[in-house]
Ligand SMILES: Cc1cc2nc3c(=O)[nH]c(=O)nc-3n(C[C@H](O)[C@H](O)[C@H](O)COP(=O)(O)OP(=O)(O)OC[C@H]3O[C@@H](n4cnc5c(N)ncnc54)[C@H](O)[C@@H]3O)c2cc1C
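In this note's numbering, the protein residues as written are 41 to 423.
As structure tokens, this is what we get:
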């Protein structure tokens, strides 16, 4: 049976980052994915500049557009546009972006086994995973970077109790005029109860758009997406893909590591509850995963310290984003029109948002400017 220092299940941003850093440090690492790459992932493909900065290589080859305009509306009305003056986010197609991250992991020395669904985990002795076609491999450590459904994380008994929401993505071949209309501009349409938003992100040859909602509202998703498609004037556009996927949110101390297994990225619920983004945290947690595995391979302690690292280095930002999100969506629910008016006429709100997106500030820093925020947000908790 093939033996490695570490096994990584899932070749998304979390898994590829872990594998790249481990291989670059000389570890023998195998990445396994049920898909053949490049593969589709339901996602807006919004890469804020702060996410790009986490990567030690350029992503220009996969950037489809860069946005500096934020076009905000309330179910199509009370619209205003903020110009950040310079790009705050790049737009990518996830198949090409993820393939680039994986190529860098392979270049660093990681082995990749595509089209292999991991079906069984035995962690009684060495870590052993098994999959289709008689595949089996062993290692000292396992990273479950297996996305929001995290089947392998569940086999390890990790990640239970993590909250989740529902999201939907549609990609359409839009006419040239529509592609031009949305160039350099991302749309955010608010006003979904009790929270959530619709979005449109431009790509070179397609437009992708969708909605994110609380899990309990998933049944309304298709009708709401249909209404949004009509509002965008894209009802007749040819649909390439339309698919739902969940996003998970770790809110407290849900277990994400034991002695030799850890969860990274969506599998650990590392997405923020204001914009519902997760790629930055997938990359960040992949780096923390690699750091901790290298420590364990060097004979120092267990992978439980990874959870402490995530609690210290990622959770404060996710907590701040959650407070901001609860406050923002809570105000919108209570007083939609005045809150839209106030947002449109308070430059600070969007300047702060752009600064966070560019990596010049953080949600934590912005939340600390409003000492009353925790109390305000607590009153507006969604659930
Ligand atoms: C509709 C939507 C829009 C979004 N928009 C954005 C956005 O614009 N910006 C942003 O930052 N975030 C966005 N997100 C979140 C983002 O997509 C995720 O946070 C990100 O993909 C997490 O990366 P990951 O590596 O943890 O998991 P994933 O990218 O989901 O990768 C997991 C991998 O595990 C593999 N896998 C799963 N099970 C098995 C198994 N049993 N055996 C082998 N392989 C397995 C899968 O094939 C997959 O390749 C969005 C999410 C959704 C649903």
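Even glycine gets a Cβ: it sits at the ideal position worked out from N, Cα and C. Bear in mind that the values here come from a model prediction, so they are computed numbers and not experimental data.
Put residue i into one of helix, strand or coil per three-state DSSP.
{"i": "residue 285", "result": "strand"}
{"i": "residue 239", "result": "strand"}
{"i": "residue 249", "result": "strand"}
{"i": "residue 118", "result": "strand"}
{"i": "residue 168", "result": "strand"}
{"i": "residue 307", "result": "helix"}
{"i": "residue 86", "result": "strand"}
{"i": "residue 312", "result": "coil"}
{"i": "residue 175", "result": "coil"}
{"i": "residue 147", "result": "helix"}
{"i": "residue 153", "result": "strand"}
{"i": "residue 423", "result": "Annotation note: pLDDT 47 at residue 423 (below 50); position unreliable, no value reported."}
{"i": "residue 159", "result": "strand"}
{"i": "residue 425", "result": "One cannot answer for residue 425 here, as it falls past the ends of the chain, which runs 41 to 423."}
{"i": "residue 334", "result": "helix"}
{"i": "residue 63", "result": "helix"}
{"i": "residue 410", "result": "coil"}
{"i": "residue 81", "result": "coil"}
{"i": "residue 56", "result": "helix"}
{"i": "residue 232", "result": "coil"}
{"i": "residue 193", "result": "helix"}
{"i": "residue 271", "result": "helix"}
{"i": "residue 354", "result": "coil"}
{"i": "residue 365", "result": "helix"}
{"i": "residue 393", "result": "helix"}
{"i": "residue 264", "result": "helix"}
{"i": "residue 93", "result": "coil"}
{"i": "residue 127", "result": "coil"}
Between the options, which lies nearest to residue i when the distance is taken from Cα to Cα?
{"i": "residue 64", "options": "150, 52, 140", "result": "150"}
{"i": "residue 350", "options": "339, 166, 321, 134", "result": "321"}
{"i": "residue 160", "options": "216, 190, 56", "result": "190"}
{"i": "residue 431", "options": "172, 124, 47, 57", "result": "Residue 431 lies beyond the range of the chain shown here (41 to 423); nothing can be said about it."}
{"i": "residue 229", "options": "343, 60, 365, 119", "result": "119"}
{"i": "residue 260", "options": "246, 273, 46, 234", "result": "234"}
{"i": "residue 410", "options": "363, 380, 376", "result": "363"}
{"i": "residue 93", "options": "61, 397, 195", "result": "397"}
{"i": "residue 316", "options": "366, 375, 137, 176", "result": "366"}
{"i": "residue 388", "options": "123, 135, 66, 178", "result": "123"}
{"i": "residue 374", "options": "231, 390, 285, 296", "result": "231"}
{"i": "residue 213", "options": "253, 248, 60", "result": "248"}
{"i": "residue 115", "options": "59, 413, 376", "result": "376"}
{"i": "residue 147", "options": "69, 209, 207, 283", "result": "69"}
{"i": "residue 174", "options": "42, 391, 274, 117", "result": "42"}
{"i": "residue 215", "options": "196, 245, 296", "result": "245"}
{"i": "residue 399", "options": "74, 89, 287, 61", "result": "89"}
{"i": "residue 302", "options": "258, 330, 319", "result": "330"}
{"i": "residue 340", "options": "391, 378, 181, 284", "result": "181"}
{"i": "residue 205", "options": "98, 255, 73", "result": "255"}
{"i": "residue 369", "options": "139, 323, 198, 416", "result": "416"}
Can you name the residues that DSSP bridges to residue i?
{"i": "residue 103", "result": "132"}
{"i": "residue 181", "result": "46"}
{"i": "residue 278", "result": "213"}
{"i": "residue 302", "result": "183, 297"}
{"i": "residue 208", "result": "251, 284"}
{"i": "residue 111", "result": "121, 227"}
{"i": "residue 138", "result": "Partner(s): none; residue 138 has no beta bridge."}
{"i": "residue 203", "result": "289"}
{"i": "residue 219", "result": "According to DSSP, residue 219 bridges with nothing at all."}
{"i": "residue 72", "result": "49, 153"}
For chain C, check one thing: does any of its Cβ atoms lie closer than 8 Å to the Cβ of residue i?
{"i": "residue 123", "result": "In the displayed structure, chain C is absent; only one protein chain is listed."}
Using a Cβ distance threshold of 8 Å, determine whether the region 258-270 contacts the region 149-159, with at least three qualifying pairs required. no
Pair every Cβ in the region 392-410 with every Cβ in the region 356-365, then say whether three or more of these pairs are closer than 8 Å. yes
Touching by the beta-carbon criterion (3+ pairs, under 8 Å), the region 106-122 and the region 220-230: yes
Sufficient close CB pairs (3 or more, under 8 Å) joining the region 76-96 to the region 241-251: yes
Can you confirm whether the region 280-294 touches the region 302-321 when touching is taken to mean that 3 or more C-beta pairs between the two stretches lie within less than 8 Å? yes
Does the region 160-175 come close enough to the region 276-283 that 3 or more CB-CB pairs lie under 8 Å? no
Three-pair Cβ contact test at 8 Å for the region 333-346 versus the region 372-384: no
Contact between the region 41-53 and the region 180-200: three or more CB pairs below 8 Å? yes
Closer than 8 Å is the cut-off here; do at least three beta carbon pairs connect the region 166-183 with the region 118-135? no
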